[in-house]
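Protein chains in written order, with numbering that gives the first Met the number 0: chain A, 0 to 497; chain B, 0 to 497; chain C, 0 to 497.
Data block below; observations after.
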Amino acid sequence: MKTKSLLLLIVLLWPLSVLAAEMSPVTEECLDCHRTATPGIVADWERSRHAQNTMEEAINKPDLKKRVSLAKVLRPSARVVVGCAECHTLNTKEHKDTFGHNGYEVYIVVTPKDCAACHPTEADQYTQNLMSRAYGNLNDNPVYHNLVDTTNGIQSLEKMMTSLTPPNTETNADSCFYCHGTKIEVKGKKVRDTSMGEMEFPVLTGWPNQGVGRLNPDGSMGSCTACHTRHQFSIEMARKPDTCAECHKGPDVPAYKVYQASKHGNIYSSLNKEWNFTSVPWVVGKNFTAPTCAACHASLITNDEGDVVVERTHRMNDRIPWRLFGLVYAHAHPKSPDTTIIKNKAGLPLPTELTGEPVAKYLTDAKEQEERKRNMQKVCLACHSTSWVEGQFARLDNTIRTTNEMTLTATKILLAAWDKGAASGLDQNDSIFNEAIEKKWVEQWLFFANSTRYASAMAGADYGAFANGRWYMSKNIQEMLDWLNFKLTETKKGKKRR
Amino acid sequence: MKTKSLLLLIVLLWPLSVLAAEMSPVTEECLDCHRTATPGIVADWERSRHAQNTMEEAINKPDLKKRVSLAKVLRPSARVVVGCAECHTLNTKEHKDTFGHNGYEVYIVVTPKDCAACHPTEADQYTQNLMSRAYGNLNDNPVYHNLVDTTNGIQSLEKMMTSLTPPNTETNADSCFYCHGTKIEVKGKKVRDTSMGEMEFPVLTGWPNQGVGRLNPDGSMGSCTACHTRHQFSIEMARKPDTCAECHKGPDVPAYKVYQASKHGNIYSSLNKEWNFTSVPWVVGKNFTAPTCAACHASLITNDEGDVVVERTHRMNDRIPWRLFGLVYAHAHPKSPDTTIIKNKAGLPLPTELTGEPVAKYLTDAKEQEERKRNMQKVCLACHSTSWVEGQFARLDNTIRTTNEMTLTATKILLAAWDKGAASGLDQNDSIFNEAIEKKWVEQWLFFANSTRYASAMAGADYGAFANGRWYMSKNIQEMLDWLNFKLTETKKGKKRR
Amino acid sequence: MKTKSLLLLIVLLWPLSVLAAEMSPVTEECLDCHRTATPGIVADWERSRHAQNTMEEAINKPDLKKRVSLAKVLRPSARVVVGCAECHTLNTKEHKDTFGHNGYEVYIVVTPKDCAACHPTEADQYTQNLMSRAYGNLNDNPVYHNLVDTTNGIQSLEKMMTSLTPPNTETNADSCFYCHGTKIEVKGKKVRDTSMGEMEFPVLTGWPNQGVGRLNPDGSMGSCTACHTRHQFSIEMARKPDTCAECHKGPDVPAYKVYQASKHGNIYSSLNKEWNFTSVPWVVGKNFTAPTCAACHASLITNDEGDVVVERTHRMNDRIPWRLFGLVYAHAHPKSPDTTIIKNKAGLPLPTELTGEPVAKYLTDAKEQEERKRNMQKVCLACHSTSWVEGQFARLDNTIRTTNEMTLTATKILLAAWDKGAASGLDQNDSIFNEAIEKKWVEQWLFFANSTRYASAMAGADYGAFANGRWYMSKNIQEMLDWLNFKLTETKKGKKRR
């Protein structure tokens, strides 16, 4: 009995006794100073798996339990834990932000290319992810770029008309590009006074930033820390919806809010404290009892017998048949993650015509959409019957169609406004985003139709009803019409202003 | 000492050793397949009390600890746990969705009538709950039905005027009726390929749905899983505000948001991880230190000595003197849960006149209101002094009066718009919800006055100030007036549009 | 081995064995009745440190671990725990709400002056905190007072014009003054029937209230329970952002929402269940891995070696260089917590001119701003590099400048509206908040510019982009211009209304 009770105690206490694996001598040297200089992130790192496992240990796990995707150990460093030096001194030659630091060459910005040393499959999938192109897809598309300018720019008043000064890069980095990612470049060096005396550091533009499509000093795109937050790199965090919420919460893309208002979100909020967020693979029913964002869109999920429900993916639209995010209308996902290549018939860089027709050439076809839908439904079917799931997806199809129709009506009013000279648009070679009725039009698809579609997709009906949903779609159309009529009345009195 | 340490260990480890009670042979057979077919919900159910307790055990608890309301054991099945078969094969004859499935007659949609087998008091109270009538109260009331149509319908543009196509049932199921409940009907059968070969299933319309007033295939109304989520049926979940939030969060009824902004919500958010959400009865101060929605509106609460503070109820307005949800004005709760019977003097199916007077005949009287208030105050008084509680309720009374006055002012502007021909309303036999000024009027009472009243009732002042509260009530009146004047200007120029 | 396992058990179980310290006889007598009368708050108090520690114990801790700031024990009561009597009978002579209660003189409203008996430094700092003056700063400033009146007042319609009845004190207590604090006065006495028979109690106006600038019956200002909620007085709660959210969540000051959308908020939401919220001092990296509101603005923070990162402060702007909350423009923090003394050149009681220039005389100078910035940056630097932190603060500077420019543009449109007679403002001796265009102007700075600045300061970009951020600043200017033009059209037709 005595022995047994002791054994039980050992089992109970085991998790407390984490034996530190060996660090590389360089990492040890980093820590010598940084324990004092930046205690917060060192403590974070010490909690991470990176601090507790060597690459060799990680690679020798059974396939389903693996968190790395490298096939075999490639370098001697595989026998030490993944510390400061293992990430920040790995590819110094490719990094323009490399600098001499206490006798070592180190760089500041760790990138997907660096993470690929151990996670090559994930890094590769991510290059196929729209997100990895989020900087260029926004910045290099003239239409979207103009939306950024008219949103973030400074309007001045002169003679009762406004003129626009485009936003500077600091403003953009604080707004759209916080999520889309900034362009990080090295602009010289600077000597700073530190607790260790004077030291020289590179000066970076676009810094700090952890946006999903960041342009990095080594030429790579993206930022793994957008979701796998430094320096704990907690899989628990990546699997919790709060992480996605950083960029998927606003009125343009209220995925998080919709989730919180859904039954899934309700279960999560009420019961997740009992779930296991760190297990790999993630076992449905056992580790979690309702999906989070990650469960549906990214994670490797199995049942308790180890059968794979869905595979892990870092191309986030692998299980998404439709791009609900209207540009201007909801449409099939683009084939290429680089959407700057798209041109519609009217010559605009948009995946749909202004009147709604998809620009099929650049978009995934029906067969691919069907396959993605089937993949997503595998997750649903782990808990729900086929009739439940079919009913759910039929509603989404209906919502995509009806919201697109409501966007079309709003667009027709806008086209009339341009046609009647109440506003200046494409024909006048003017911005399509800078006047009040144009901004109302944007809200129709970017806020209200999007919100309604997300609400339908994730069954968080509030956001398809009164909370930025159908109520606002319906009201906005009446207000656009009224605006147009008021404007025509005003115009006829001989006063035209912008 | 050895023995003592062992005893301590047993106490520590006891909760881990849940001994499974016996399942019925039919349930065992269900699980044989469904463990693989739908592992998520089976795992959920295994965590539930239903899987761990027999009806007999449940019924033999002391009164205050009972979670069932049946007086005595009525059937042999009382000696097995409540599994698949106990719920899905109980009343097959009444269920139009019953179908042959692997040699058994089963049905899909478990209803309040089924739950009543063990929880008859709760099911009965629920039939007196407004919520149980949420489908008909919305759908069968011509005024509210028109609000649904004008909100969810598709507007098309022709000759610079909009025409409305009413929403289809899929759209409505995705919007208002997600919470109110759909009408579930069996429309034929369908053979599906399953992992067990070809099988035939009923085809249901209005499915999936878990709305509170669902019309079920057995003729009953409501859905217990709206709050007691399948298949864990966790009382913890029903007691947490996230559950109510699914339907009480939007701008029309921001109860959850108000709670979160209140001191009660603050205590809950900060400290609830230490609370006991599963104890029956729920002991104030010991199990929880601030009320959740359930504590004030539904739960059985006692003090630590076992004295009842308030009784359990599933007629949610038992402790509510006022219906804060304005239709059009806040008013005493209707006597009958079926509100389609109400008609005001003007012949409209509304509990108040358009000018604010309550339609007293259909509403609870002052005495009943007083009693409900006293019941609610019993909860408050478990922590607060009488003078605190009286101060709180005096403020609510004041807020009901002042918000109703602000609704009246908005209504007068609307009536003027109709009168002056700037909009078409009752006299023109036109919808009262389809024009811009009418939609602004709706927001006055449905969003802003409601929000302000909830804020006052639950002391979450933000929602009575700048967050959809008094600020917007005040602004909206000015905007309604301006709209009317702009419209009259436009109209006088000979252009009348809708 | 046996002994060791026993020792381990003792260590494991130790936290469960809290030995109650001694209560004063008077407190014991209070509890005799109040355990039954108000069981919730008694249970709350029993969980508090006040119930478990004597003043003597509290004062004898090492400096960094101290939660009291009194230098030495001053009174015999230091040997009992801090119970009912220790707070509610301490300064009866100064309290106008003192009354005879079961043979004792007690008062209802415990104030900062009472808390100062043990926490004098905190109470003193708090008198230097803007918050302590929140009642007068709002109520006694004619401009802000008018904002309250026009927001909370009742508008009536007569002859198609609105007239305003100022709000009563109940309405104000339910709205602005819920957070700002009410004025609590004793208006007579009242005999109540209690479970102990008839008893007499003072009648208080402005009660209940826990606003930060409450005017108390002992002449003091503020309410410690606004953040240190009665009767648990949990430091965990004060350190969690939900507490600040009660008043810092609305569209005027969305600090909580911004935090939730930031990386810091993401880390908090995902991982805080593992943090230690009760340790004093609060050790960065060890007790918490991302800052909460308290970490940046109030708490004493050290590293694991006990070096102080930042000192505890209850003057909340000690580490804030800018007052982001625009009145009308963002500006340096006022020198005095009493802002009613401020007058700008135009004679308005505002810290900036209507055209944006700061009223330097009343505001902290650049040197003081720099010092506050340095203090804040000490927190940042516990995890981030200097270049990261400098980049972050450069963005905030940019955002302050650009949002102020957008406020100026909106103001110019308003000035034009007044000038052209489209609205009535300062020159007409009319409210500057009561017309539609004036309310739009208020939203420009109070909602949209504020939101954008908070988003920048705390890196929650959503609220600087589409969520009440730059999108709305930009749209609002166009709508203000349109309103002005529509109004001028209407006016020219000879119909002037307000």
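Just so you know, even glycine gets a beta-carbon here, dropped at the ideal spot from N, CA and C.
Owing to the predicted nature of the structure, the values given are computational and were not obtained by experimental measurement.
Per-residue DSSP class, three states only, for residue i
i: residue 106 of chain C; result: coil
i: residue 213 of chain B; result: coil
i: residue 360 of chain A; result: helix
i: residue 547 of chain B; result: With chain B running from 0 to 497 in the structure shown, residue 547 of chain B is simply not present.
i: residue 491 of chain A; result: helix
i: residue 197 of chain C; result: strand
i: residue 330 of chain C; result: strand
i: residue 232 of chain B; result: coil
i: residue 22 of chain B; result: coil
i: residue 100 of chain B; result: strand
i: residue 91 of chain A; result: coil
i: residue 53 of chain B; result: strand
i: residue 322 of chain C; result: strand
i: residue 446 of chain B; result: helix
i: residue 287 of chain C; result: strand
i: residue 80 of chain C; result: strand
C-beta contact flag for residue i and residue j at 7 Å
i: residue 79 of chain B; j: residue 49 of chain B; result: no
i: residue 66 of chain A; j: residue 279 of chain A; result: yes
i: residue 436 of chain B; j: residue 415 of chain B; result: no
i: residue 212 of chain C; j: residue 131 of chain C; result: yes
i: residue 498 of chain C; j: residue 134 of chain C; result: Outside the displayed span of chain C (0 to 497) sits residue 498 of chain C, for which this structure offers no information.
i: residue 431 of chain B; j: residue 480 of chain B; result: no
i: residue 26 of chain C; j: residue 70 of chain C; result: no
i: residue 455 of chain B; j: residue 394 of chain B; result: yes
i: residue 444 of chain B; j: residue 406 of chain B; result: yes
i: residue 311 of chain C; j: residue 299 of chain C; result: yes
i: residue 235 of chain A; j: residue 170 of chain A; result: no
i: residue 208 of chain C; j: residue 110 of chain C; result: no
i: residue 151 of chain B; j: residue 174 of chain B; result: yes
Assigned exposure category for residue i - 16 Cβ within 10 Å defines buried
i: residue 439 of chain A; result: buried
i: residue 201 of chain C; result: buried
i: residue 446 of chain C; result: buried
i: residue 63 of chain B; result: exposed
i: residue 333 of chain A; result: buried
i: residue 88 of chain A; result: buried
Beta-bridge pairing of residue i - partner residues as DSSP gives them
i: residue 160 of chain C; result: C:157
i: residue 203 of chain A; result: A:185
i: residue 300 of chain A; result: A:281, A:309
i: residue 338 of chain B; result: Per DSSP, none; premise fails for residue 338 of chain B.
i: residue 351 of chain C; result: C:357
i: residue 192 of chain C; result: C:197
i: residue 67 of chain B; result: According to DSSP, which records beta bridges pairwise, residue 67 of chain B is partnered with nothing at all.
Cβ-heavy atom distance, residue i to the ligand ATP, below 6 Å
i: residue 222 of chain B; result: The ligand ATP is not part of this structure, which contains no ligands at all.
Practice prompt. May I ask you to verify whether the region 321 to 336 of chain A touches the region 347 to 359 of chain A, counting CB pairs closer than 8 Å and requiring at least 3?
Written response: Yes, the region 321 to 336 of chain A touches the region 347 to 359 of chain A.
Worksheet item: Counting pairs of Cβ atoms below 8 Å between the region 217 to 235 of chain C and the region 88 to 103 of chain C, do you hit three or more?
Response: Contact between the region 217 to 235 of chain C and the region 88 to 103 of chain C is present, because at least three Cβ pairs lie under 8 Å.
Worksheet entry | Inter-stretch contact (C-beta, 8 Å, three-pair minimum) for the region 284 to 295 of chain A and the region 377 to 390 of chain A | Taking a cut-off of 8 Å for Cβ pairs, the region 284 to 295 of chain A and the region 377 to 390 of chain A touch, as three or more such pairs fall below it.
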